[in-house]
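Numbering (our numbering), first residue to last: 146 to 466. Yeah, the Cβ is synthetic: ideal placement off N, Cα and C, and Gly gets one too. Input: a single structure, listed below in C-alpha cells.
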RNA sequence: GGGCAGGUGGUAGAGCGGUCAAUUACUCCAGACUGUAAAUCUGGCGCCUUUAUGGCUACAUAGGUUCGAAUCCUAUCCUGCCCA
C-alpha cells in the first residue's frame with residue numbers, strides 16, 4: 146500500500162525554507178503547500194517573502210493568494226485546504242511538501258487538530274472584551290469546568306474563544322468531536338499525532354539567523370516593500386473589484402511585522418530608521434517564538450544544509466514502499 | 001570661574017532614613033499554545049548556598065552622622081542646563 150507520504154519543511158523565518166523546498170520538490174517531483182499565515186493573502190508578497198511567479202512556475206505552489214487581506218483567514222480555513230491539497234498532490238502521484246513558518250497551521254494540518262467548528266461571534270466577543278481575565282475565567286469555570294482546568298487563565302483571547310464555543314455548542318471544547326472522551330477521565334486534549342511524516346527543520350545558530358533576518362529585511366525594503374504597503378492602503382491594484390480593496394492601517398497593524406511597522410512609518414509615527422530598527426527587533430523575537438514551538442517536537446530532523454535534507458528525503462522515500 | 005539640576009540594577013526610570021536586592025516598563029532568558037497564531041499569554045532576571053521569614057555584595061567614589069543610609073552631611077569625580 147502506498148503510504149501517504151508527506152514532507153514538512155519548517156524553521157524560523159529567513160532560514161531558507163522556500164529555497165530548500167523548491168530544490169527538493171524539483172528533485173523529487175513534488176509540489177509545495179505554503180504553511181504561512183500571511184502568504185495566504187493576495188497582494189502581500191514582498192513583506193511575506195512569497196516566492197516569485199517565476200519560482201512558482203518551477204514548482205507548483207498551493208495556498209498562496211487564497212484570501213483577501215480584508216478578510217480574516219484562520220487555521221480553521223487553512224487546515225482543510227491544506228489537507229485537501231495534500232490529497233490532490235498524492236493523487237497525481239507527486240510528493241507533497243508542506244513548507245512554512247506558522248507552527249499552528251503546520252501542526253493543525255499534520256496532526257489533524259480538531260478545531261471546533263464554531264464561528265467567531267463578534268457580538269459576544271465585543272461584549273466580553275471589556276471583562277478582565279479573572280472575570281472571564283470565572284465565567285468559563287461555570288460554563289465549562291473542564292476546559293477551565295487546562296486553559297491559560299490569564300489569556301483573554303483564549304478565554305473568550307472558550308466561552309464562545311461552550312455557548313454555541315453547549316459542549317466542552319474538543320469533546321463534542323470526540324464523544325469517547327466525555328465519559329473518560331482524560332484531561333488531555335485528544336490528538337492524533339502523525340508519525341509517518343518526514344519533518345525537516347532548518348537549523349541556524351541565533352547569530353546566523355539574526356544576520357539573515359537583517360539582510361533579508363534590507364532586500365525587502367529595496368524590493369519595494371513600502372510601495373507594496375502603500376498599494377494595499379490605496380488599493381490601486383485592486384484589480385478584481387475595481388479598487389474597493391483598500392485596507393486600513395488598523396488591519397495592517399494586525400498583520401504584524403513588516404506590515405505593522407511600515408504602516409506606523411507611513412503614518413508618521415516612526416522615522417524610517419526607527420521603523421527599520423524596531424522591525425528587525427520584532428522579527429528577531431518572532432523567530433524565537435517560532436523556535437519555542439519547534440524545539441519541543443522530537444519528530445523534527447534538524448538539518449544544516451541541502452545535502453543532508455536530500456539524503457533524508459531519499460531514505461524516507463525508500464522506506465516501506 | 002560662578003549658579004542650578006543630576007549621577008540607582010542590561011536600558012529607561014521610581015524610591016528620598018528602617019518593612020529595599022530596590023515600584024514599573026522595556027530588553028534579555030525560559031515556557032505555553034485547538035478558529036486573530038507575524039496573534040495572545042505565563043514565569044525568571046545581582047551573586048552564593050544545605051533554596052531558607054538564609055548568606056554576601058550593591059543605588060558614582062571616599063569619608064562621616066545614625067541603633068540603622070540608595071535615602072542625611074562633607075569632599076572628590078562625572079553629566080546636563082544657565083550665567084560669566
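Between which two residues does the beta strand (DSSP E) holding residue 179 run?
If you number the first chain from 1, residue 179 lands on position 34. Per DSSP, residue 179 belongs to the beta strand (DSSP E) from 175-179.
Look at the Cβ atom of residue 439, then the Cβ atom of residue 155, and state whether they are nearer than 8 Å.
Working through the first chain from its first residue, we reach residue 439 at position 294. Working through the first chain from its first residue, we reach residue 155 at position 10. It is a contact, given that the beta carbons lie within the stated cut-off.
Run the CB neighbour count on residue 132, radius 10 Å, all protein chains shown included, and call it buried at 16 or more, exposed below.
In the structure displayed, the chain extends from 146 to 466; residue 132 sits before or after that span and is not available.
Please report the distance separating the alpha-carbon of residue 427 from that of residue 246.
Position 282 of the first chain holds residue 427. Position 101 of the first chain holds residue 246. One C-alpha to the other measures close to 15 Å.
Just reading off the alpha helix (DSSP H) that residue 225 is part of, what are its end residues?
What you label residue 225 is simply residue 80 of the first chain in a count that begins at 1. Counting along the chain, the alpha helix (DSSP H) containing residue 225 begins and ends at 220-236.
Looking only at DSSP bridge pairs, what is residue 447 linked to?
Reading the first chain from its first residue, position 302 is the one you call residue 447. BP columns for residue 447 point to 346.
Would the region 305-314 and the region 265-274 be scored as touching if the rule is three or more Cβ pairs under 8 Å?
Result yes; three or more Cβ-Cβ pairs closer than 8 Å.
Would you be able to state if there are at least three C-beta pairs under 8 Å between the region 233-253 and the region 168-177?
Yes: at least three Cβ pairs fall under 8 Å.
How many angstroms separate the CA atom of residue 278 from the CA atom of residue 445?
Position 133 of the first chain, counting from 1, holds the residue named residue 278. Position 300 of the first chain, counting from 1, holds the residue named residue 445. Rounded to the nearest angstrom, the two C-alpha atoms are 35 Å apart.
Expressed to the nearest angstrom, what Euclidean distance is found between the alpha-carbon atoms of residue 374 and residue 357?
Along the first chain, read from residue 1 onward, the residue named residue 374 stands at position 229. Along the first chain, read from residue 1 onward, the residue named residue 357 stands at position 212. Straight-line Cα distance between these residues: approximately 22 Å.
Check for me: the beta strand (DSSP E) holding residue 152 runs from which residue to which?
On the first chain, residue 152 is found 7 positions in, with the first residue counted as 1. Per DSSP, residue 152 belongs to the beta strand (DSSP E) from 152-155.
With the cut-off set at 8 Å, would you say residue 342 and residue 185 are in Cβ contact?
Here residue 342 refers to the residue found at position 197 of the first chain. Here residue 185 refers to the residue found at position 40 of the first chain. No, the pair does not count as a contact, with Cβ atoms beyond the cut-off.
Can residue 403 and residue 436 be called in contact, C-beta distance under 8 Å?
Sequence index remark: in the first chain, residue 403 carries index 258 (1-based). Sequence index remark: in the first chain, residue 436 carries index 291 (1-based). No, they are not a contact pair.
Give the straight-line distance between the Cα atoms of residue 398 and residue 459, rounded to the nearest whole angstrom.
The count along the first chain starts at 1 and reaches residue 398 at position 253. The count along the first chain starts at 1 and reaches residue 459 at position 314. Roughly 43 Å separates the two Cα atoms.
Would you call residue 418 buried or exposed, if buried means 16 or more other Cβ atoms sit within 10 Å of its Cβ?
Taking the first residue of the first chain as 1, we reach residue 418 at position 273. Classification for residue 418: exposed.
Which term fits residue 190, buried or exposed, when burial requires 16 or more other beta carbons within 10 angstroms of its beta carbon?
Counting from one through the first chain, the residue named residue 190 turns up at place 45. It is buried - the Cβ of residue 190 has at least 16 other Cβ atoms within 10 Å.
Answer with buried or exposed for residue 385, where buried requires no fewer than 16 other C-beta atoms within 10 angstroms of its C-beta.
Along the first chain, one-based indexing puts residue 385 at 240. At residue 385, the pLDDT of 49 sits below 50, so the modelled position is not reliable; the number obtained from the coordinates is stated separately. Exposed.
Near residue 328, which residues of its chain fall below 8 Å by C-beta distance, leaving aside the five closest residues on each side in sequence?
Here residue 328 refers to the residue found at position 183 of the first chain. The predicted position of residue 328 is uncertain, since its pLDDT is 33 and thus under 50; no value can be drawn from it.
Tell me whether residue 299 sits in a helix, a strand or coil according to DSSP, three-state version.
Working through the first chain from its first residue, we reach residue 299 at position 154. If DSSP states are grouped into helix, strand and coil, residue 299 belongs with coil.
In three-state DSSP terms, what is residue 241?
By 1-based counting over the first chain, the position of residue 241 is 96. Residue state, collapsed to three classes: strand.
Who are the near neighbours of residue 193 in its chain, counting only those whose CB is closer than 6 Å to its CB and skipping five residues on each side?
Here the question's residue 193 lines up with position 48 in the first chain. Only 183, 184 meet the Cβ criterion.
Under DSSP, the alpha helix (DSSP H) around residue 404 begins and ends at which residues?
Within the first chain, numbered from 1, the residue matching residue 404 stands at position 259. Residues 402-411.
Just to confirm before moving on: does the CB-CB distance between residue 209 and residue 229 stay below 8 Å?
Position 64 of the first chain, counted from the start, is the residue given in the question as residue 209. Position 84 of the first chain, counted from the start, is the residue given in the question as residue 229. No; because the gap between Cβ atoms is not below 8 Å, this pair is not in contact.
What is the DSSP secondary structure of residue 323, reduced to helix, strand or coil?
Here residue 323 refers to the residue found at position 178 of the first chain. With a pLDDT of only 39 at residue 323, under 50, the local geometry of the prediction cannot be trusted, and the value read off the model is given with reservation. DSSP places residue 323 in coil when its eight states are reduced to three.
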